[in-house]
Amino acid sequence: MTDVTVDTIFEALETAGHVRYGTEAISELEHALQIADLADEMSGDPELIAGALLHDIGRVAVRQEDVSDTLVPDHMGKTNDGAKGHDTVGADLLAEIFPDRVLAGIRLHVAAKRYLCTVEPEYRDRISDGSELTLKMQGGLMDDGELEAFRAMPYADDAVQIRRWDDLAKVPGKPSRPLEHWRPLLESLMR
Ligand SMILES: [Fe+2]
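Under this note's numbering, think of the first position of the sequence shown as 644, with each following residue one higher.
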């Protein structure tokens with residue numbers, strides 16, 4: 644996707660509205676809207692809300708042949724050479740239009756999952772079967788060096804927070820505010 648705008652982002656999310664979110668019982672769009680509502684209710688912080696809403700954009704707005712941890716059945720286990728995680732491709736896609744803190748929420752949300760699974764075994768016990776499956780595709784638990792490197796990254800705490808909401812935003816049938824509700828917030832943050 645070139646010339647990324649709020650319209651092209653929303654189009655990708657609307658298209659993905661019908662795509663199941665991995666093995667979860669909800670769609671990618673429902674997941675994005677649920678986590679945005681949670682981020683709003685729990686923090687009211689525009690940059691966290693934007694990061695939450697867009698954290699999985701690499702699953703919907705990027706060719707899944709190029710996404711190493713894709714959940715699209717046709718591509719799982721047979722992606723292109725050089726494919727990167729959906730966290731990286733998602734953040735790269737939006738790198739020119741959103742501030743660093745929004746991008747960090749996207750770029751670090753998988754590392755945050757690996758971090759939480761490593762330091763809080765009870766957290767790992769609570770994640771969904773789908774998240775447990777992708778954990779292995781995403782590198783599994785962190786070693787001591789990875790833990791230290793993660794903690795030192797700017798906005799690591801924000802990514803951990805988004806990751807905790809991520810796990811709560813998988814409730815079948817839960818009503819959410821529509822995508823258009825978030826347009827002014829996204830536009831106010833764009834570079
Ligand atoms: Fe997610």
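C-beta: ideal position from N, C-alpha, C; glycine also. Just so we're clear, the structure is a prediction, and the values are computed from it rather than from any experiment.
Around the C-beta of Thr777, 16 or more other C-beta atoms lie within 10 Å, and the residue is accordingly described as buried. A heavy atom of ligand 1 is found nearer than 7 Å to the CB of His674. The beta carbons of Asp801 and Leu676 sit about 20 Å from each other, so the pair does not count as a contact at 8 Å. Pairwise C-beta distances place the segment 797-813 out of contact with the segment 648-663, as fewer than three of them are shorter than 8 Å. Taking a cut-off of 8 Å for Cβ pairs, the segment 822-831 and the segment 758-777 do not touch, as fewer than three such pairs fall below it.
The residues Gly701, Val710, Ser711, Asp712, Val753 and Gln781, in chain order, have a CB closer than 8 Å to that of Gly728 in the same chain once the five nearest residues on each side in sequence are set aside.
A distance below 8 Å between beta-carbons, with the five flanking residues on each side excluded, links Arg663 to the following residues of its chain, in chain order: Ile669, Ser670 and Glu671.
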